[in-house]
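*Asks:*
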Ligand code: BTN
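Residue numbers (the working numbering): 133 to 368.
1) What number of angstroms, rounded off, separates the C-alpha of residue 147 from the C-alpha of residue 186?
2) Sorted by chain position, which residues of the same chain lie with C-beta nearer than 8 Å to residue 352's C-beta, five sequence neighbours on each side aside?
3) Classify residue 151 as helix, strand or coil using the three-state DSSP reduction.
4) Is residue 358 near the ligand SAH, going by C-beta to nearest heavy atom under 7 Å?
5) Name the two residues that bound the continuous alpha helix (DSSP H) containing residue 307.
6) Would residue 143 and residue 168 qualify as a contact pair, given that the criterion is a beta-carbon distance under 8 Å?
7) Check whether the Cβ atoms of residue 209 and residue 228 sit closer than 8 Å, and answer yes or no.
8) Just reading off the alpha helix (DSSP H) that residue 315 is part of, what are its end residues?
9) Ignore the nearest five residues each way along the sequence and tell me which others in residue 315's own chain have a CB closer than 7 Å to its CB.
10) Please work out which residues of its chain come closer than 6 Å, Cβ to Cβ, to residue 273, disregarding the five sequence neighbours upstream and downstream, and give them in chain order.
11) According to DSSP, is residue 273 part of a helix, a strand, or is it coil?
12) Could you tell me whether any non-hydrogen atom of the ligand BTN is closer than 7 Å to the CB of residue 239?
13) Tell me, which residues are paired with residue 166 by DSSP?
14) Grab the span of the alpha helix (DSSP H) containing residue 201 for me, first residue to last.
15) Mind reading off the beta-carbon distance from residue 179 to residue 288? Whole number of angstroms is fine, and I expect it under 8 Å.
16) Measure the CB-CB distance between residue 345 and residue 306 and report whether it falls below 8 Å.
17) Using three-state DSSP, classify residue 175 as helix, strand or coil.
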């Protein structure tokens, strides 16, 4: 897979989407700095240079069901960075937590290309270094953690070298198998299993995910599969 590194860009996801729209093949594009990094639900994603920000661009069959892809990506990243388990957990649908604080996130975007193929971009942002004490923390996810607290030697380049082959393998497997094989792996790192949560208007107890990666929410009216939304923990 082609690799490209930029000193600065607006968003590596935008670079990757434009590459696919222009007919490009599989690509991993990373950047030292993003000036317009974005997160899910239209939010800005800020990094101060002490982050690993990159996007993987691939094409897939137009009909491929992408349900659960962000969870499978989260499992793959977590298994590479924390192979023993116990430090990195995943919060449905796209957050990585380290020792209980947000380490980073995943933003998947798709673009139609032809009748047979569509482009998929998997954007990943991971905090690398702890923030300096005087940093403006309001710009970051509250309570964010950093990879170098897990591995003091972690650099953006070395971490990407470890992640790239694992993500390539994941994409090949996902194309034929879907999310099912990752359901168990996700359950081992599920941050919210058994906890009271809210997704939009719906409140209940999180009971893991389905074979399609839907959140299973135990509500007053029964078990509801939820395919998209913003999950917050309820403090009770
Ligand atoms: C989230 O937490 O909502 C997802 C954050 C995803 C951020 C990454 S950084 C690399 C890629 N480029 C972007 O503009 N966003 C993603």
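The beta-carbon is built from N, C-alpha and C at its ideal position, and this holds for glycine as well.
*Replies:* So, to answer that:
1) 10 Å
2) 336
3) helix
4) No copy of the ligand SAH occurs in the structure displayed; its ligands are the ligand BTN alone.
5) 288 to 309
6) yes
7) yes
8) 315 to 320
9) 341 and 343
10) Since pLDDT at residue 273 reaches only 46, below the 50 mark, its modelled position is unreliable, and no value is offered.
11) Note that residue 273 has pLDDT 46, beneath the 50 cutoff, so the model's placement of it is unreliable and the number below is only indicative. Three-state DSSP puts residue 273 in coil, outside helix and strand.
12) yes
13) 141
14) 201 to 213
15) Between residue 288 and residue 179 the Cβ distance is about 10 Å, and since that is not below 8 Å, they are no contact.
16) no
17) coil
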